[in-house]
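Okay, structure first, notes after.
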Amino acid sequence: MDGNIIQKPGSAGSVQWLTFSGGRPEDVLLFAQGVHRFAFAHGRQNDDVWMANYAYGCLSGDALSRFNDLDAEVKKDWLKLRPAVFTWFT
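Residue numbers (numbering that gives the first Met the number 0): 0 to 89.
Structure below.
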C-alpha cells in the first residue's frame, strides 16, 4: 500500500495488521477501506466497537498520539472514530 499504510503479515491464523500513522488524504481513505475490508472478511462489518478496536491496534505515530487525546466514547465506536481520523488528515 502507498504512503504511511503498511500491511504486516502475521503468522498463520493471526490478525493481518495495517499500520497507519497519518499522511495524505488518500492514505486516510486507504486506511478506512482496509478496516472495512478486514471487518467484512471476518463478518464484523456491522460491529462498530470491534472495528474501532481493530483500527486502534493499527495506529502508530501521529495518528496514535491524536487517538490518545480522544474521548473514550469516540475511541470505542468506529462510526465516531472514522470521522475523527478523516478530520485529522484531510
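Even for Gly, the Cβ is constructed at its ideal location relative to N, Cα and C.
CB contact check: residue i to chain B, cutoff 8 Å
i	result
F39	Here chain B cannot be found, since the structure has a single protein chain.
Segment limits, beta strand (DSSP E) that includes residue i
i	result
T89	Unbroken run through T89: none, as it is neither H nor E.
Backbone secondary structure at residue i - three-state DSSP
i	result
D1	Confidence at D1 is low in this model, with a pLDDT of 43, below 50, so its placement is unreliable and the value that follows should be read with caution. It is coil, neither helix nor strand.
Member of the options whose CA lies at the smallest distance from the CA of residue i
i	options	result
N52	V27, L28, W87 and L78	L78
G60	D47, D70 and F88	F88
H41	G22, S13 and A83	S13
V27	G56, D46 and A62	A62
Close-in-space but distant-in-sequence residues of the same chain around residue i (CB under 7 Å, 5 per side omitted)
i	result
A54	V34, W77 and L80
F39	none
Q44	H35 and A38
Start and end residues, alpha helix (DSSP H) containing residue i
i	result
L63	G60 to N67
N52	D47 to C57
H35	P24 to A40
K74	A71 to K74
Cβ-based neighbour list, residue i, same chain, cut-off 8 Å, excluding 5 preceding and 5 following
i	result
V148	What the structure shows of the chain is the stretch from 0 to 89, and residue 148 is not part of that stretch, so it cannot be assessed.
Cut-off 6 Å between Cβ atoms - residues of its own chain near residue i, not counting five sequence neighbours on either side
i	result
F66	L58
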